[in-house]
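Participant: Quick one: this structure, given as structure tokens, is what I'll be asking you about.
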Amino acid sequence: MVNFHRRTQLKTLGAAFAAAAAPAWAQSVADKASALEKQDRKAAPLPAVGSRFVLPPAVELIDGRTLRTADWSGRVVVIEYWATWCPFCARQMPHVQALYDQHHGRGLEVLALSIDRKAADIPSFLKTRNVTFPVAWLSPQLAKVLPKPPGLPVTVVVGRDGKVKMAESGELFAEDVAGIAKFL
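Under the working numbering, residues 3 to 186 are what the sequence shown spells out, in order.
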């Protein structure tokens, strides 16, 4: 239900912008939302709360560093699927950054996975929004290990025990993102 609602909102938003001042950008968002909807029909479901979530041994980040997931053992990890063209993702990103800033020292980690078609589109977006948590491009190889569930943004919280504590598709409000701290 949430997935359908968010896709409908995204397509409606794209259509509304298409009729407004920025038709090329809005049409691009509408086209990407339509492509995402087709892709989501074949997507893996949201991981079930309580299920084991296995991170790959290493993830190459946008900034060139390699994230060794063994370093995150015993920590709460927020996996965030997003895209630079997604307005809901852009609205949620500052709340995720605030959560990371406030709780990183208490054992919270974030791994944002961009589904953009090209990794080159991501760094300027991150820089203009002062994003400091780890971000990776969801390459086809990484998608085999961490397949994107339907919708955008998608937030999965993995507890210290390696089990899914929360899995949501669609934009979370500020208080929802802040509430992730209860899993620490």
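C-beta atoms are modelled at their ideal positions from N, C-alpha and C, and glycine is treated no differently. Here the structure is a predicted model, which is why all the values come from computation and not from measurement.
1. Does the distance from the C-beta atom of V112 to that of P96 stay below 8 Å?
2. From this set, E177, V179 and T71, which residue's C-alpha is nearest G164's C-alpha?
3. Please tell me whether A114 and E62 are closer than 8 Å, where the distance is taken between their beta carbons.
4. Count the C-beta pairs between the stretch 64-78 and the stretch 114-130 that are closer than 8 Å, then say yes if the count reaches three, no if not.
5. Leaving out the 5 sequence neighbours to the left and right, which residues in its chain are closer than 7 Å to P47 when beta-carbon positions are compared?
6. Quick one: grab the DSSP three-state call for A92.
7. Buried or exposed, going by whether 16 or more other CB atoms sit within 10 Å of the CB of K167?
8. So, is A138 buried or exposed, given that buried needs 16 or more other C-beta atoms within 10 angstroms?
9. Take the Cβ of F90 as the centre, count every other Cβ of all protein chains shown within 10 Å, and call the residue buried at 16 or more, exposed below.
10. Please state the DSSP three-state secondary structure of K165.
11. What's the gap between the Cα of L186 and the Cα of T157?
Facilitator: Reading from the atomic positions:
1. Indexing the sequence shown from 1 puts residue 112 at position 110. Indexing the sequence shown from 1 puts residue 96 at position 94. No.
2. Within the sequence shown, the letter at position 162 stands for residue 164. Nearest C-alpha to G164: T71.
3. Working through the sequence shown from its first residue, we reach residue 114 at position 112. Working through the sequence shown from its first residue, we reach residue 62 at position 60. Against a cut-off of 8 Å, the Cβ pair of E62 and A114 comes out as no contact.
4. yes
5. If you number the sequence shown from 1, residue 47 lands on position 45. Within the same chain, P47 has close Cβ partners P151.
6. The residue you call residue 92 lines up with position 90 of the sequence shown. Helix.
7. Translated into the one-based positions of the sequence shown, residue 167 becomes position 165. By the neighbour-count rule (16 or more Cβ atoms within 10 Å), K167 is buried.
8. Looking up residue 138 in the sequence shown gives position 136. Buried.
9. Here residue 90 refers to the residue found at position 88 when the sequence shown is read from its first residue. Buried, because 16 or more other Cβ atoms sit within 10 Å of the Cβ of F90.
10. Here residue 165 refers to the residue found at position 163 when the sequence shown is read from its first residue. Correct three-state label for K165: strand.
11. Counting from 1 along the sequence shown, the entry for residue 186 is found at position 184. Counting from 1 along the sequence shown, the entry for residue 157 is found at position 155. Spanning the two alpha carbons is a distance of roughly 16 Å.
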